[in-house]
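Please read the structure below before turning to the comments.
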């Protein structure tokens, strides 16, 4: 889980750097939605993912839920996923050494 978290964090940082570069060039804040980045990378896989979701899951999953997620900035989505994976894969402290003698 922690390795997946690090990979997701690396993708989030790359996307943030791309947005920062575009913001400097444009002279205004640019936050590229995840859907736009995915479409620029591989439009066919995005269409395949849409077909997969709409055919196998209830309709509300694609239209309000995933379209909303795809409209968020890519760095925020990957950063949030990295945080969730890091929390899921963290090592828990052992509580048996907490008592003072």
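Numbering (this note's numbering), first residue to last: 18 to 118. Every residue, glycine too, gets a C-beta built ideally from N, C-alpha and C.
Presumed contact (8 Å Cβ cut-off) between residue i and residue j, rounded CB distance
i          : j          : result
residue 26 : residue 99 : 4 Å
residue 40 : residue 34 : Wrong, their Cβ atoms sit about 10 Å apart, outside the cutoff.
residue 95 : residue 23 : Between residue 23 and residue 95 the Cβ distance is about 12 Å, and since that is not below 8 Å, they are no contact.
Simplified DSSP state of residue i, which is helix, strand or coil
i          : result
residue 81 : helix
Residue i and residue j closer than 8 Å at C-beta
i          : j          : result
residue 58 : residue 91 : no
residue 89 : residue 70 : no
residue 79 : residue 67 : yes
Contact with chain C by residue i, beta-carbon distance below 8 Å
i          : result
residue 85 : The question asks about chain C, but that chain is absent: this structure has only one protein chain.
Residue environment, residue i, which counts as buried when at least 16 other CB atoms sit within 10 Å
i          : result
residue 18 : exposed
residue 87 : buried
residue 42 : exposed
residue 29 : buried
Distance cut-off 7 Å: residue i Cβ against heavy atoms of the ligand COA
i          : result
residue 19 : This structure lacks the ligand COA; in fact it carries no ligand of any kind.
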